[in-house]
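Okay, structure first, notes after.
In this note's numbering, the protein residues as written are 281 to 366.
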């Protein structure tokens, strides 16, 4: 998966309701910052090893790690979408 494919997947899950910044790294890892009108999420991972994510990370969390994980990016995005809709 490349950054454009990740952006397309974000759009298919959220439509135009969020803004996503996607950063790709040489090893194939991706980092996503997703911002909606009231909530945000960060997602980091690789298609072969899985995805970790945090919804509404605190400013002082820094790089302390994520509190949730998913096998696929789509699974992570759909969970984020569902929780933001609650």
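Glycine residues also receive a C-beta, built at the ideal position from the N, C-alpha and C atoms.
- Annotated three-state conformation of residue 359 is helix, per DSSP.
- Taking C-beta atoms as the reference points, residue 291 and residue 302 fail to come closer than 7 Å.
- Residue 322 sits buried, since 16 or more C-beta atoms from the chains shown fall within 10 Å of its C-beta.
- With respect to the C-alpha of residue 317, the residue from 346, 284, 294 and 328 having the closest C-alpha is 294.
- When DSSP assignments are scanned along the stretch 323-354, the uninterrupted stretches of beta strand (DSSP E) that are 3 or more residues long and fall wholly within it turn out to be 330-335 and 348-350.
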